[in-house]
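Residue 10 is where the sequence shown starts when you use my numbering, and the numbers rise one by one after that.
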Amino acid sequence: MESNLKYLNRTAVANLVARFQAEILKDWESECRKDVEAARAQSELALRDSMPQFLDQLVETLLSHNPETEAKKNTEVAREHAEDRATQSEYTLDQVIIEYHLFRAVIMDSLTVHGFADEESRKIINEFIDRGISKSAVRYMELETEQHQLQTAEIHAVKIEAEKASETKSVFLANMSHEIRSPLGAIMGFVSLLKDTVVSKDEIANYLSIIDRNSQHLLRIIDDILDLTKVEAGKMIVEKIEFPLVEFLNDFSSLMALRARENGIIFEFKCEENLPEFVITDPTRLRQILSNVVGNAIKFTEKGRVELHVEYHEKNLEIKVTDTGRGISDDQRTHLFQAFAQADSSTTRRFGGTGLGLILTQKLSQALGGDFRLVKSELGKGSLFEVNLPVSISQGTKLISIKSPEIKPASERSMDQTDQLKGFNVLLVEDSPDNQFLIEQMLNRAGAKVKTVDNGEEGVKAALAQNFNVILMDIQMPVMDGYEAMRALRKKGYTGLVIALTAHAMKEERDRAIAAGFSHFLTKPIDRKNLIDLLMHLHHPFNLSSPIFSDPK
10 MESNLKYLNR
20 TAVANLVARF
30 QAEILKDWES
40 ECRKDVEAAR
50 AQSELALRDS
60 MPQFLDQLVE
70 TLLSHNPETE
80 AKKNTEVARE
90 HAEDRATQSE
100 YTLDQVIIEY
110 HLFRAVIMDS
120 LTVHGFADEE
130 SRKIINEFID
140 RGISKSAVRY
150 MELETEQHQL
160 QTAEIHAVKI
170 EAEKASETKS
180 VFLANMSHEI
190 RSPLGAIMGF
200 VSLLKDTVVS
210 KDEIANYLSI
220 IDRNSQHLLR
230 IIDDILDLTK
240 VEAGKMIVEK
250 IEFPLVEFLN
260 DFSSLMALRA
270 RENGIIFEFK
280 CEENLPEFVI
290 TDPTRLRQIL
300 SNVVGNAIKF
310 TEKGRVELHV
320 EYHEKNLEIK
330 VTDTGRGISD
340 DQRTHLFQAF
350 AQADSSTTRR
360 FGGTGLGLIL
370 TQKLSQALGG
380 DFRLVKSELG
390 KGSLFEVNLP
400 VSISQGTKLI
410 SIKSPEIKPA
420 SERSMDQTDQ
430 LKGFNVLLVE
440 DSPDNQFLIE
450 QMLNRAGAKV
460 KTVDNGEEGV
470 KAALAQNFNV
480 ILMDIQMPVM
490 DGYEAMRALR
500 KKGYTGLVIA
510 LTAHAMKEER
520 DRAIAAGFSH
530 FLTKPIDRKN
540 LIDLLMHLHH
550 PFNLSSPIFS
560 DPK
């Protein structure tokens with residue numbers, strides 16, 4: 010039987026494609042969802058993308074007087090379609106090409122219902138879609154190449170950055186090794202000399218002074234590393250405590266004046282006439298900030314002076330530290346607030362230090378809600394640093410008029426007294442023989458009687474069998490640790506004073522100790538003065554309303 014369908018010229022084909030565009034797109038979408046995996050999860054709008062415009066351009070090409078020229082002009086939309094698909098990780102180039110082949114098949118099937126497209130029309134349609142496939146493939150490959158180049162560049166940049174960071178940290182670790190080994194070497198060396206039987210009293214005093222100084226330096230290095238690690242991990246806990254500001258500044262300045270005098274320079278403390286009598290912020294962190302900035306200024310000032318100037322404006326402390334030191338170059342400023350870096354390697358060789366002080370000061374200032382910056386510096390003439398910190402004041406706090414604060418050397422109680430803790434019975438629960446001996450010596454020389462046991466289990470038994478004024482208990486011990494022992498004592502109704510001893514110098518550890526039932530908290534290494542001061546408070550209990558702690562970081 011002869012078919013009733015007729016041959017359609019390109020004008021008729023164009024009119025049919027335009028008329029049935031919606032059906033063509035719907036059928037194409039349905040076929041894509043069956044045959045193209047990436048298309049199945051696409052919304053209708055996302056799947057069609059620029060294909061309606063592509064279909065419009067096909068119609069324009071069929072109607073054009075010069076279809077070949079029109080086709081070349083209008084297939085730019087194919088590049089855009091490929092660009093869209095290339096941004097979706099689910100699509101591969103093969104799937105994009107399949108979409109175009111399905112597009113061709115759906116158009117041809119649609120035309121078949123109404124007649125046969127003539128040879129010219131079929132040629133135009135095939136060449137148009139083939140050109141679209143070609144354009145898509147080229148653009149797809151271009152984008153993949155660009156993406157690969159971008160990834161390669163990013164990988165290279167990350168590699169360079171990692172190498173720089175590794176190099177910086179390697180330098181830091183080398184400096185840190187030196188910083189730790191130097192005081193450690195001094196400690197070990199002078200301890201060895203003290204073992205010599207032929208040592209005069211003056212030599213002993215000198216050696217012990219050197220050992221003490223290097224021990225404190227070693228502790229400061231470790232504290233700085235721990236603090237910076239906490240700040241960068243976002244684990245820094247800031248306290249809000251009300252304290253006497255002027256007294257705080259005077260005490261601090263007294264210590265700095267002594268240090269400056271030892272360096273052969275002048276230290277001057279100036280403040281505005283009106284400062285609040287009390288402020289609310291974290292005094293431990295404020296002291297740390299001041300110690301770093303002023304200590305740094307004293308360290309790098311070989312002659313002249315260092316000045317600490319404090320002002321108070323609208324609940325904000327403005328602290329300026331000026332020195333007549335070596336100054337900082339423009340190039341050195343770029344590395345000034347980077348962790349593990351100093352102004353230059355010669356600084357480390359000449360003055361020592363970990364390179365953590367300034368970045369730690371900046372981080373601490375920011376943790377308190379303020380900032381720390383270098384205001385100005387000139388090589389050979391000195392620098393000006395500024396700290397701005399918001400502080401709170403209680404209602405009714407007075408503003409004190411101060412013209413010339415007097416700086417007095419800090420006084421210390423003699424540690425040679427032997428009756429400070431006379432009649433005081435102490436239970437020491439500590440597993441380290443060296444620490445046992447050290448603490449026993451400290452307490453015995455102050456007049457206390459000490460019973461020592463090796464672990465928490467023995468500590469619980471001893472505490473329940475005999476009366477003690479206080480228990481000193483290490484946290485980390487074999488058999489039974491300090492926390493478990495503390496819980497066991499409180500569970501059995503023990504109400505005596507128990508002081509936690511721990512090498513974990515973190516505020517979180519202090520909070521955990523309180524929660525476990527400890528009365529007080531001291532961090533290792535145990536400072537003799539802190540220990541005796543605390544026990545004297547307990548021996549003469551005139552103010553035990555709140556726990557007394559050493560300064561955990």
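Quick reminder that beta carbons are idealized off the backbone N, C-alpha and C, glycines included. Just so you know, these numbers come straight off a predicted model, no measurement behind them.
Whether residue i touches residue j by CB criterion (7 Å)
{"i": "G336", "j": "G273", "result": "no"}
{"i": "L365", "j": "L237", "result": "yes"}
{"i": "V396", "j": "T290", "result": "no"}
{"i": "A455", "j": "Q429", "result": "yes"}
{"i": "D443", "j": "N464", "result": "no"}
{"i": "M495", "j": "V438", "result": "no"}
{"i": "I328", "j": "A269", "result": "no"}
{"i": "N434", "j": "N478", "result": "yes"}
{"i": "I142", "j": "Y109", "result": "yes"}
{"i": "A126", "j": "V45", "result": "no"}
{"i": "F257", "j": "A266", "result": "no"}
{"i": "F394", "j": "Q371", "result": "no"}
{"i": "L284", "j": "V255", "result": "yes"}
{"i": "E32", "j": "L111", "result": "no"}
{"i": "H89", "j": "S59", "result": "The sequence as given places Glu at residue 89; His does not occur at that position. Cβ distance < 7 Å, so E89 and S59 count as in contact."}
{"i": "D65", "j": "V115", "result": "no"}
{"i": "V459", "j": "L452", "result": "yes"}
{"i": "R519", "j": "F530", "result": "yes"}
{"i": "G313", "j": "T333", "result": "yes"}
{"i": "L547", "j": "L498", "result": "no"}
Expected contact under 8 Å - CB spacing of residue i and residue j to nearest Å
{"i": "R294", "j": "L227", "result": "Contact flag wrong, Cβ pair sits at about 22 Å."}
{"i": "L202", "j": "Y216", "result": "6 Å"}
{"i": "L56", "j": "A48", "result": "6 Å"}
{"i": "A91", "j": "R131", "result": "Not really, about 24 Å apart at Cβ, beyond 8 Å."}
{"i": "L377", "j": "V240", "result": "The Cβ separation is near 11 Å, so there is no contact."}
{"i": "A87", "j": "F63", "result": "7 Å"}
{"i": "L436", "j": "G468", "result": "7 Å"}
Environment of residue i [buried if 16+ CB atoms lie within 10 Å]
{"i": "M150", "result": "exposed"}
{"i": "P487", "result": "exposed"}
{"i": "K417", "result": "For K417, the predicted structure reports a pLDDT of 47, less than 50, and the residue's modelled location is therefore unreliable. The matter cannot be settled from this model."}
{"i": "E311", "result": "exposed"}
{"i": "T492", "result": "Inspection of the sequence shows that residue 492 is occupied by Tyr rather than by Thr. With 16 or more other Cβ atoms within 10 Å, it is buried."}
{"i": "S338", "result": "exposed"}
{"i": "N476", "result": "exposed"}
{"i": "D103", "result": "exposed"}
{"i": "E415", "result": "Per-residue confidence for E415 stands at a pLDDT of 49, beneath the threshold of 50, marking its modelled position as unreliable; the derived number appears in the next sentence. E415 should be labelled exposed."}
Closest Cα partner of residue i within the set the options
{"i": "K500", "options": "S218, S262, G526", "result": "G526"}
{"i": "E85", "options": "C280, T101, E128, L67", "result": "L67"}
{"i": "V26", "options": "Q51, I134, Q104, E40", "result": "I134"}
{"i": "S410", "options": "F394, P399, E282, Y321", "result": "E282"}
{"i": "E466", "options": "K460, M489, T331, V459", "result": "M489"}
{"i": "F278", "options": "K407, L317, V247", "result": "L317"}
{"i": "N325", "options": "D332, Q371, D380, R342", "result": "D380"}
{"i": "Q445", "options": "E493, K431, L34, L510", "result": "L510"}
{"i": "L408", "options": "V384, Q485, E176, P253", "result": "P253"}
{"i": "F309", "options": "I480, G389, S145", "result": "G389"}
{"i": "R19", "options": "P61, L120, L102", "result": "L120"}
{"i": "S262", "options": "Q97, D221, A512, V330", "result": "V330"}
{"i": "R28", "options": "N75, D260, P61", "result": "P61"}
Terminal residues of the alpha helix (DSSP H) in which residue i lies
{"i": "D65", "result": "60 to 72"}
{"i": "D232", "result": "210 to 241"}
{"i": "Y492", "result": "491 to 500"}
{"i": "I307", "result": "292 to 308"}
{"i": "K204", "result": "Per DSSP, K204 belongs to no alpha helix (DSSP H) and is neither H nor E."}
{"i": "N434", "result": "Premise fails: N434 lies in the beta strand (DSSP E), 434 to 438, not in any alpha helix (DSSP H)."}
{"i": "F112", "result": "102 to 121"}
{"i": "T370", "result": "366 to 376"}
{"i": "N622", "result": "Residue 622 is absent from the structure shown; the chain starts at 10 and stops at 562."}
Segment limits, beta strand (DSSP E) that includes residue i
{"i": "F530", "result": "529 to 532"}
{"i": "K329", "result": "325 to 332"}
{"i": "I402", "result": "No beta strand (DSSP E) contains I402, which DSSP labels as neither H nor E."}
{"i": "E387", "result": "380 to 387"}
{"i": "N476", "result": "N476 -> no beta strand (DSSP E), and no H or E assigned at all."}
heavy atom of the ligand MG below 6 Å from residue i C-beta
{"i": "E89", "result": "As far as ligands go, the structure on display features none, and thus does not contain the ligand MG."}
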